[in-house]
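Visitor: Residue numbers (my numbering), protein chains in the order written: chain A, 9 to 345; chain B, 9 to 345; chain C, 328 to 949; chain D, 328 to 949.
Here a beta-carbon is modelled for each residue, glycine too, at the ideal position from N, C-alpha and C.
Before we start, here is the structure in question, set down as structure tokens.
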Amino acid sequence: MSQVKTLTVKDFKSDQEVRWCPGCGDYAILNQMQKVFAELGLSRENTVFVSGIGCSSRFPYYMSTYGVHGIHGRAPAIATGVKIANPGLNVWVITGDGDGLSIGGNHLLHTIRRNVNLKIILFNNRIYGLTKGQYSPTSEFGKKTKSTPFGSIDYPMHPISVAIGAEVTFVARCVDVDVKYQQYVLKRAAEHQGTAFVEIYQDCNVYNHEAFDYASDRQVRDDHVLYLEHGKPMIFGKERNKGIRLNGTHPEVVELGSGITADDLLIHDERAPEPTLAYLLSRMRHPEFPEPMGVYRAIQLPTYENLLVDQIAAVSQKLGPRSLDDLFNEGDTWVVD
Amino acid sequence: MSQVKTLTVKDFKSDQEVRWCPGCGDYAILNQMQKVFAELGLSRENTVFVSGIGCSSRFPYYMSTYGVHGIHGRAPAIATGVKIANPGLNVWVITGDGDGLSIGGNHLLHTIRRNVNLKIILFNNRIYGLTKGQYSPTSEFGKKTKSTPFGSIDYPMHPISVAIGAEVTFVARCVDVDVKYQQYVLKRAAEHQGTAFVEIYQDCNVYNHEAFDYASDRQVRDDHVLYLEHGKPMIFGKERNKGIRLNGTHPEVVELGSGITADDLLIHDERAPEPTLAYLLSRMRHPEFPEPMGVYRAIQLPTYENLLVDQIAAVSQKLGPRSLDDLFNEGDTWVVD
Amino acid sequence: MTTATTAQDSHHRSKATTELQHAAIRFAGDSGDGMQLAGTQFTNTSAVFGNDVSTLPDFPAEIRAPAGTLAGVSGFQINFSSHPIHTPGDQVDALIAMNPAALRTNIKDLIDGGILIVNTDEFTATNLKLAKFDQNPLESGELKPYRVYKVPITKHTLEAVVPAGLGSKESARCRNFYALGLVFWLFDRPLDTTLNWIHSKFGKVPAVAEANTLALKAGYNFGETAELFPVRYKVNRARLAPGRYRNLTGNQALAIGLITAARKAGKALFYGSYPITPASDILHELSANKNFDVRTFQAEDEIAAICATIGAAYAGAISVTGTSGPGVALKQEAIGLAVMTELPLVIVNVQRGGPSTGLPTKTEQADLWQAILGRNGECPVPVIAAQSPADCFHAAIEAVRIAVRFMTPVILLTDGYLANGSEPWRIMASGEIAPIEVRHAQEAADFQPYRRDELGARPWAIPGTPGLEHRIGGLEKQDVTGNVNYEPENHQRMVNLRAEKVANVATQIPEQEVFGDESGELLLVSWGGTYGSVRTACERMREAGHSVSHMHLRWLNPMPGNVEQLLRRFRRVLVCELNMGQLQFMLQGRFCIPCVGLHKVQGRPFIVGEIVSRIEELLGGR
Amino acid sequence: MTTATTAQDSHHRSKATTELQHAAIRFAGDSGDGMQLAGTQFTNTSAVFGNDVSTLPDFPAEIRAPAGTLAGVSGFQINFSSHPIHTPGDQVDALIAMNPAALRTNIKDLIDGGILIVNTDEFTATNLKLAKFDQNPLESGELKPYRVYKVPITKHTLEAVVPAGLGSKESARCRNFYALGLVFWLFDRPLDTTLNWIHSKFGKVPAVAEANTLALKAGYNFGETAELFPVRYKVNRARLAPGRYRNLTGNQALAIGLITAARKAGKALFYGSYPITPASDILHELSANKNFDVRTFQAEDEIAAICATIGAAYAGAISVTGTSGPGVALKQEAIGLAVMTELPLVIVNVQRGGPSTGLPTKTEQADLWQAILGRNGECPVPVIAAQSPADCFHAAIEAVRIAVRFMTPVILLTDGYLANGSEPWRIMASGEIAPIEVRHAQEAADFQPYRRDELGARPWAIPGTPGLEHRIGGLEKQDVTGNVNYEPENHQRMVNLRAEKVANVATQIPEQEVFGDESGELLLVSWGGTYGSVRTACERMREAGHSVSHMHLRWLNPMPGNVEQLLRRFRRVLVCELNMGQLQFMLQGRFCIPCVGLHKVQGRPFIVGEIVSRIEELLGGR
Ligand SMILES: Cc1ncc(C[n+]2csc(CCOP(=O)(O)OP(=O)(O)O)c2C)c(N)n1
Ligand SMILES: Cc1ncc(C[n+]2csc(CCOP(=O)(O)OP(=O)(O)O)c2C)c(N)n1
Ligand code: SF4
Ligand code: SF4
Ligand SMILES: [Mg+2]
Ligand SMILES: [Mg+2]
């Protein structure tokens with residue numbers, strides 16, 4: 009997927025005017041994506057961005073790669089078709105919390121379990137932006153929106169927990185404005201072979217402004233998020249004086265010092281064959297817990313499209329070269345003369 | 009839901025001829041359901057069975073209650089409507105591994121996360137029965153079926169893991185032929201307030217015969233399943249000499265004796281507020297592990313329909329009694345005379 | 328401003344006032360300029376004042392485009408008059424352009440000699456470039472045909488609102504109120520409706536309330552004092568039927584109609600929906616009225632929405648699902664289930680531009696085939712279309728009434744134009760609306776779920792009723808018993824019975840009426856939201872002495888029994904639709920009567936002139 | 328057995344042989360009785376022997392009903408002849424009834440004087456009751472009109488297969504081979520085709536192979552030796568076009584056609600599907616042929632299936648999705664996307680009985696409106712229908728060819744009758760089939776994704792091509808550039824361009840032909856799977872000297888350019904369809920030519936007699 013002439017960030021910008029609301033978190037993500045593509049030396053012509061419908065789903069128009077702006081919720085399915093038809097392509101899916109989890113939840117689930125080699129980036133702004141502000145499957149319980157003027161009575165769903173329920177091979181999270189860390193996460197996703205699922209906390213400036221302030225505001229965020237590092241104990245806090253300890257199958261927040269040291273803490277293992285640790289991390293939620301950022305899980309499993317290609321090769325080998333005429337003449341035949 | 013005249017098993021049989029293949033596991037489940045209804049003294053007129061499409065989904069025709077044989081995959085949505093329109097009804101959903109997890113996966117997920125008070129029984133035979141034998145989302149990797157003559161390349165999904173990903177409030181499993189235990193599980197589901205999700209291993213006599221022999225054959229099953237008991241250590245085996253021990257966040261099978269006692273084993277806690285233990289259990293799979301049977305999780309959370317009814321009551325209270333004429337005359341009005 | 332008489336209005340001290348029979352004006356600006364709000368306020372004021380009004384909001388695509396761009400322009404047109412009107416007007420008599428982009432995209436709709444008010448502060452080099460002007464149009468002379476009034480609206484606003492003490496960004500946001508005040512002055516409208524609104528809306532944020540008030544008054548006073556405007560205009564009260572009125576958008580009217588229908592049936596209202604432009608406001612409106620036992624369910628998708636609606640109908644609620652064309656596509660399989668299970672529900676389609684995602688914020692009538700013919704199998708469903716914003720109220724009630732009476736899904740078509748457009752609605756007394764009779768089966772003896780009444784409806788037996796336990800589903804049913812049945816003759820019989828049932832709806836709806844003579848040279852045929860423009864065109868042609876009549880179809884399936892007979896009374900039939908001829912095709916398919924069509928698929932309603940031209944062409948071509 | 332001449336066949340030693348021009352027979356029994364297999368074997372043998380054949384399998388509903396019940400009856404009808412035939416026959420000349428239920432449900436289709444072979448062993452009290460016989464029909468005299476042969480088939484089979492050493496259940500399972508052997512004898516067919524099949528199928532389980540062989544021969548020998556049958560029959564070879572033949576079901580033919588099309592295009596074949604009766608066999612067939620670079624994707628639902636197909640088309644594969652009516656309902660939104668993105672794909676609809684889940688295993692033609700008119704917005708799609716099982720091969724290739732040439736989704740309609748029915752296919756040499764030219768855009772200079780060629784097709788530029796990076800989607804596109812565009816005039820233009828493109832398909836398909844005279848009294852019009860029965864009816868009427876012609880429409884949208892002209896040449900037009908008049912409505916809608924219809928919605932094909940009666944009625948009613 010790399011090519012001789014390395015491209016710059018600008019080379020990944022399309023000629024279309026970017027049309028999100030001023031201040032929308034989507035801009036930051038677009039910029040990081042273009043940066044990551046340039047830095048990884050990826051090519052335009054071998055890349056396809058596929059999206060559904062939503063503000064976030066306009067994303068492909070702004071990348072100078074190939075792209076499909078699909079229909080609502082169906083991007084993972086479209087992308088699966090692209091990948092099967094041409095496994096050599098670098099295929100990214102852009103989706104929103106409504107697009108990917110509401111109408112499109114099932115496709116997401118099945119794409120994940122099949123481990124199709126797609127990078128799925130879910131822009132979670134906890135709202136339906138494009139349709140002007142209804143609550144989404146990730147909106148908080150009790151949230152007042154246009155369609156819930158008296159507060160939502162739906163318990164939200166948590167994208168990472170759901171993805172782990174489907175046994176995703178790569179799952180990670182980051183925040184729109186934390187651009188450096190976002191680049192790291194996007195790069196990790198880009199490098200993964202298999203379905204990489206990334207949740208990005210994204211500010212919808214107009215309909216759900218500051219929903220993620222706790223995790224993005226520099227003043228407070230260090231106490232509210234936990235940066236996961238493979239093989240390292242889980243320490244967090246502005247002073248790096250807090251940690252996560254395991255109590256049976258439950259995590260608990262502890263203060264370091266007075267007898268508790270880093271050795272008592274849970275060690276992150278993104279390569280654990282069992283996804284239980286990742287699941288446990290996905291259940292750590294604000295405000296009770298710091299919310300884990302970074303790579304929850306990254307394991308290797310043969311990808312769907314490789315299995316497919318291999319099977320076709322094996323079958324072709326086994327059945328030998330067969331022509332259309334062989335196919336036509338299969339089974340009982342007879343001659344009329 | 010109970011009534012004065014208690015009904016017998018026979019009272020729950022409809023006048024329709026039961027039309028599954030001879031030997032199909034569905035018969036056993038139908039019988040247990042009728043038994044459980046009689047034993048719990050449930051009424052016919054306040055019960056609705058809703059299903060999708062599939063062999064299993066013919067179920068409602070055979071119960072003498074109200075019933076809707078819906079369209080493929082949509083039973084949870086139909087049932088949600090029934091429940092919202094009349095929260096007093098006792099609503100059961102019957103679905104298959106194709107109906108509930110393939111085309112209907114998203115509705116299942118959202119019903120679960122909303123905690124609608126439905127009993128969802130998934131007949132998992134790991135095959136599409138009605139359409140004559142294609143692989144389903146629960147079919148094993150590599151399985152040869154009509155649509156995968158060279159073996160399936162899809163990794164299966166695991167219904168209980170998925171349900172826990174959506175943070176289900178009640179989830180359990182049992183086997184078709186283990187009728188006593190099935191009755192226990194169905195009763196527990198019946199008593200739960202909220203979404204109760206039950207996976208039943210069901211033999212498709214024609215297209216996937218004996219897929220669950222390891223868990224149903226009396227000769228071997230005790231070594232292959234683990235009966236969950238709340239507050240009890242996890243012991244299994246024909247000799248009850250094996251157990252499950254926690255190693256970090258991973259379970260491991262241990263032999264009791266030579267230093268290892270029941271005290272070293274994991275204690276089941278179906279009421280754990282965190283679903284991590286339930287998730288861990290859902291990952292224990294044959295042949296590496298005994299597969300847990302019984303109630304993985306059973307916690308209390310206000311149900312969707314109660315929240316809805318309460319909200320309507322609260323809003324009505326707050327806004328006071330308003331007539332249609334009040335509604336008509338809202339906002340800016342003016343008089344022409 | 329077609330017919331104007333000059334008069335002097337006494338209670339104003341200065342300047343001449345010209346009296347008009349009607350005027351159409353348009354506020355146009357950036358999405359961030361608050362044009363929808365200004366338009367709505369002008370509408371309400373005019374309506375409260377006593378004019379007949381008709382409005383046409385024109386949104387940009389869903390996401391806010393960058394400020395100042397052509398894609399970001401938002402417009403709101405109001406036609407107000409002293410006589411009954413049916414449309415927002417073809418062209419406008421006055422245009423308020425808040426920036427160059429708004430000027431560019433709207434100027435072509437301003438009549439020659441029309442009033443153009445521009446916010447000069449926004450005619451900066453950047454904005455001119457964004458609007459693709461090489462030269463500043465205010466200087467190039469290209470605006471010569473119009474009466475141009477250059478007002479530094481932003482600057483004036485900022486000055487005016489200083490006492491409120493807001494920041495400069497928030498202060499500038501009041502400029503729509505300044506513009507509104509100016510236009511109020513120009514058309515001699517009172518300020519009190521808007522002042523009340525500001526008070527009730529921003530009461531809790533006094534600084535904002537004050538700033539908007541100041542801006543509004545400053546605009547008004549600018550008109551009064553500046554030497555700019557030689558004349559002001561006045562549009563007298565219309566002679567509307569006496570009564571209390573309010574202004575309703577189609578979506579509001581539809582929501583209120585559904586609540587009314589449910590109350591009139593004495594039942595809970597279930598509304599299952601998934602948000603989609605331009606239908607979402609129905610969900611919003613209903614969600615805000617839970618106290619009427621409205622149970623809204625925002626589903627995970629359109630399929631879940633209709634399936635839940637089917638479940639709710641089975642359980643006995645008045646059950647409705649609403650969406651737009653792409654959503655109906657997803658619901659068709661389930662509509663088939665509702666047809667087979669014969670359950671009463673209403674499917675609302677607020678049509679938008681297609682195909683596919685198409686033009687989500689624009690109007691169109693291209694889902695008629697989808698509604699009537701778009702399902703697998705022989706799957707007939709009654710279809711009704713609302714004809715004006717306020718008529719959505721009545722159409723909703725009618726749809727529910729037929730659904731319940733016939734035990735059938737009913738499709739109710741509206742469109743983006745009706746949904747967001749508004750008109751005055753004479754507020755009915757709830758007692759004027761007939762009850763909707765619901766008969767739930769009760770009697771267990773000899774109960775048969777598919778035994779039909781004289782109109783072909785099966786009984787509505789709901790869970791909770793002892794002895795009526797029964798099972799329904801999507802497989803073919805046996806006649807009378809409703810059991811699953813695969814017999815050839817039974818299938819044919821059931822297909823026939825379902826078709827007859829829907830055909831019987833024709834016995835319960837009014838005979839088709841024709842506006843104008845009952846026979847003649849040319850019959851205009853329309854349906855849905857084009858009612859107003861086609862009726863207006865017909866009126867104009869008749870005034871000019873032509874033999875033109877108008878038949879507006881409310882029920883598209885089945886059609887009233889006398890439609891064929893009426894069609895045959897005219898030498899020619901012109902079917903006007905915002906599609907490429909869907910109704911025309913269906914009339915021909917049913918009656919083999921050759922029709923001609925007037926088709927438009929531009930995301931916009933007809934303008935009356937287009938219809939008039941087509942008629943003239945046809946009449947000329949005699 | 329209409330026209331029979333008696334002759335003596337020399338190489339058989341005993342009994343008289345009657346020569347027939349054709350015969351129709353039906354195997355009927357319980358689902359567990361292996362009737363589909365017996366029927367298929369008889370078909371293959373007859374075809375290999377050299378007859379023209381046409382078959383009609385008749386499955387029960389999907390789940391196996393309990394043994395012996397009426398709901399569990401499975402049938403397989405074969406019409407075989409010495410002259411070309413188009414249908415499986417209206418009635419049968421011989422019926423093999425393996426149990427009372429099979430007798431009850433099938434006897435009405437046996438001609439008076441026809442041969443009835445019953446398995447007496449199954450006429451037990453229980454089975455008689457299950458089949459709702461009060462009296463044993465073998466004794467009641469009610470079978471008098473037929474030539475009844477009572478054979479204890481089960482008992483004979485059990486005795487015959489003893490040497491194979493199977494258990495009694497497995498032994499009994501061979502009774503279909505016994506029955507088959509007997510019928511082979513009766514119609515003087517060779518055993519070798521079936522013996523070969525047994526060998527290749529059960530070669531690995533020698534005991535089963537042996538048992539089936541023994542049963543088959545025992546049945547044959549019983550015919551030879553028993554005194555039961557006074558005469559045997561012979562149907563000579565047909566004069567088919569010379570060549571090698573094989574028997575194909577519609578679904579097989581369709582799958583092979585798709586593979587051929589992809590090979591002829593030099594591309595991978597992508598097939599995205601979700602199982603559904605009666606389309607699933609296409610998926611099965613294709614999955615078994617992965618070595619032709621066939622990439623089957625069993626999706627999680629129909630929506631995912633078509634969306635993946637759209638993705639595959641974008642990426643450059645020959646892309647097809649297959650389903651039945653309810654599945655098409657789910658795919659419509661995505662078909663709209665394919666229309667807007669102008670990507671080449673084929674959507675196969677194997678129609679079944681509707682509406683809703685309907686009669687899943689039965690045939691119908693009621694999805695025509697859905698195919699042509701069933702989407703939101705103005706959303707035209709070319710539609711082609713296959714006319715016979717083997718024709719599915721050609722129709723598949725044609726559909727792909729048009730999709731690729733015009734950059735458009737194409738809907739290919741077949742039905743349950745075609746899908747499961749079979750007929751001999753003259754095996755083509757692959758060289759006889761023209762290549763499908765695929766031109767992928769390559770040249771970056773001045774590339775425009777929506778610039779059209781002379782037929783209106785846009786370029787197919789696929790990912791991986793440097794310099795052609797472009798983005799497409801469901802929002803309205805700007806002409807030429809393909810950028811998102813909301814302008815009114817552009818929308819109208821694009822709607823027109825899409826319509827014109829589809830209309831242009833008419834330039835690339837053959838002119839419409841008429842069988843019989845090109846003008847006259849009555850024109851029969853048909854489409855899809857009713858071809859055979861309508862053609863046969865036409866032939867019969869013409870033989871009887873009537874002025875009746877037949878126009879079979881292959882392309883339903885667009886229709887060939889000369890259709891209107893042809894229709895107008897006949898005094899009356901009779902449209903025969905397995906629906907309530909969908910094509911008729913569309914012909915009237917387009918051409919305003921009043922037609923009459925023959926409609927049938929019974930889950931079954933037309934029988935020729937029905938059509939003949941209707942024609943006679945019409946001609947009589949002159
Ligand atoms: C079939 C269909 N249903 C509904 C819609 C309307 N719709 C468009 S985007 C959207 C939700 C957008 O929310 P999300 O995915 O969170 O994206 P965001 O705009 O917040 O980025 C909805 C409901 C549609 N376009 N198509
Ligand atoms: C929309 C739609 N797609 C496909 C089908 C065909 N279909 C019916 S049941 C079924 C799968 C059944 O499998 P499962 O849910 O596991 O039920 P089982 O028969 O095994 O009990 C399918 C694919 C359908 N009826 N409707
Ligand atoms: S509505 Fe929200 S998510 Fe959409 S573009 Fe605007 S700020 Fe971004
Ligand atoms: S096909 Fe399988 S699941 Fe269906 S009824 Fe038969 S045995 Fe049961
Ligand atoms: Mg969102
Ligand atoms: Mg199954």
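1. Within 10 Å of its beta-carbon, does Pro-736 of chain C have 16 or more other beta-carbons around it, so buried, or fewer, so exposed?
2. Could you please give me the residues that DSSP links to Met-878 of chain C through a beta bridge?
3. Quick check on Arg-134 of chain B: does DSSP put it in helix, strand or coil?
4. Can you give me the Cβ contacts of Arg-340 of chain C inside the same chain, cut-off strictly under 7 Å, excluding the 5 residues immediately before and after it?
5. Tell me whether Ser-224 of chain B counts as near ligand 6, meaning its Cβ is closer than 7 Å to at least one heavy atom of that ligand.
6. Using 7 Å as the cut-off, classify the Cβ of Ile-603 of chain D as near or not near the heavy atoms of ligand 8, replying yes or no.
7. Is the segment 653 to 663 of chain D close to the segment 659 to 679 of chain C, with three or more CB pairs under 8 Å?
8. What is the DSSP secondary structure of Tyr-215 of chain B, counted as helix, strand or coil?
9. Tell me the rounded alpha-carbon separation between Gln-363 of chain D and Glu-497 of chain D.
10. Less than 7 Å between the CB of Ser-144 of chain B and some heavy atom of ligand 6, yes or no?
11. Shorter than 8 Å from the beta carbon of Leu-315 of chain A to some beta carbon of chain B?
12. According to DSSP, is Met-734 of chain D helix, strand or coil?
13. Taking 8 Å as the threshold (beta carbon to beta carbon), is Ala-174 of chain A in contact with chain B?
14. Under a CB-based cut-off of 8 Å, is Gly-961 of chain D close to chain A?
Guide: Reading it off the structure:
1. As a first step, residue 736 of chain C must be located in the third sequence, where it is residue number 409. Buried.
2. Residue 878 of chain C sits at position 551 when you count from the first residue of the third sequence. Residue pairing by DSSP places Met-878 of chain C opposite C:Val-852 in a beta bridge.
3. Numbered from 1 along the second sequence, position 126 holds the residue referred to as residue 134 of chain B. Correct three-state label for Arg-134 of chain B: coil.
4. As a first step, residue 340 of chain C is located in the third sequence; it is residue number 13 there, counting from the start. Low local confidence applies: a pLDDT of 47 at Arg-340 of chain C is under 50, so the model's placement there is unreliable, with the coordinate-based value given in what follows. Cβ within range, chain order: n/a, list empty.
5. Counted from its first residue, the second sequence places residue 224 of chain B at position 216. No; taking the cut-off as 7 Å, the Cβ of Ser-224 of chain B has no heavy atom of ligand 6 nearer than that.
6. Among the ligands in the structure shown, ligand 8 does not appear; only ligand 1, ligand 2, ligand 3, ligand 4, ligand 5 and ligand 6 can be found there.
7. Three or more Cβ pairs closer than 8 Å define a contact, and the segment 653 to 663 of chain D meets that threshold against the segment 659 to 679 of chain C.
8. Looking up residue 215 of chain B in the second sequence gives position 207. Secondary structure at Tyr-215 of chain B: coil, using DSSP grouped into helix, strand and coil.
9. Position 36 of the fourth sequence holds residue 363 of chain D. Position 170 of the fourth sequence holds residue 497 of chain D. About 18 Å.
10. Position 136 of the second sequence, counted from the first residue, corresponds to residue 144 of chain B. Checking every heavy atom of ligand 6 against the Cβ of Ser-144 of chain B, one is found closer than 7 Å.
11. Within the first sequence, numbered from 1, the residue matching residue 315 of chain A stands at position 307. Yes, Leu-315 of chain A lies at the interface with chain B (some Cβ there is under 8 Å from its Cβ).
12. The residue labelled residue 734 of chain D in the question sits at position 407 within the fourth sequence. Met-734 of chain D: coil per DSSP, three-state reduction.
13. Translated into the one-based positions of the first sequence, residue 174 of chain A becomes position 166. For Ala-174 of chain A, the closest Cβ of chain B is nearer than 8 Å.
14. The structure shown does not extend to residue 961 of chain D, since chain D spans only 328 to 949, so no value can be given for it.
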